Amino acid sequence: MQKERDYYEVLGIEPTASAKEIRKAYRKLAFQYHPDRHQASEETHRKMLEINEAYAILSDPIKRRGYDLPRGYGKRVPKFKQGSKVRISTNSPSMYRGHTGVVDKEPIKDTFRFWYMVRIKSKDFTTVSRFAEEELEEADR
């Protein structure tokens, strides 16, 4: 089974790259590997296909979000070390005081990522609910 390529690595950019930086990296590589600049070779053809695929995903904000989230590249997802702990405390009313202490970060990160993914443009709750159920089913697989 072939290892999935990191599209950011293919384009030679960081996961925090802007749309302008993505476009600039794509154009540079497309110019460098374009078939008109080289004799037809399998290696050049494969590289150009890889560059085009990476650009198609990373240049589209929705496809990019879908690519980034499972890999932990989402800008709004906090970065946690695997298996680390976080102290949760609050200055809120007494009803929350029993909910402070040290907890694992992984469930927090998963919850944060889930709700970030649910945030879509539609205000129709059934659409959001259906989207959330599909994501949970995929996560269970």
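Just so we're on the same page, this note's numbering is the position in the sequence shown counted from 1, plus 1. Ideal Cβ placement from N, Cα and C applies to all residues, glycine included. Please read all numbers here as calculations on a predicted model, not as lab measurements.
For residue j and residue i, the rounded distance between their alpha carbons
i	j	result
E43	M49	10 Å
Y34	A41	10 Å
N53	G67	17 Å
I23	D69	14 Å
P71	F32	31 Å
D61	A18	13 Å
E15	A26	11 Å
R6	T45	17 Å
E51	R38	17 Å
R65	A57	9 Å
Which listed residue (the options) has its alpha carbon closest to that of residue i
i	options	result
A20	R72, H35, P71 and I63	I63
H10	R38, L70, P36 and A55	According to the sequence provided, residue 10 is Glu. The question's His does not apply to it. Taking only the C-alpha atoms, the option nearest E10 is A55.
P36	R47, R65 and D61	R47
Y8	P71, L70 and L59	L59
K29	T45, P16, A18 and L12	L12
Distance cut-off 6 Å: residue i Cβ against heavy atoms of the ligand HEM
i	result
R65	The ligand HEM is not part of this structure, which contains no ligands at all.
> Curious, which full-length alpha helix (DSSP H) runs of at least 4 residues does the region 29-75 contain?
Replying inline: Taken in chain order, the complete alpha helix (DSSP H) segments of 4 residues or longer contained in the region 29-75 are 43-59 and 62-72.
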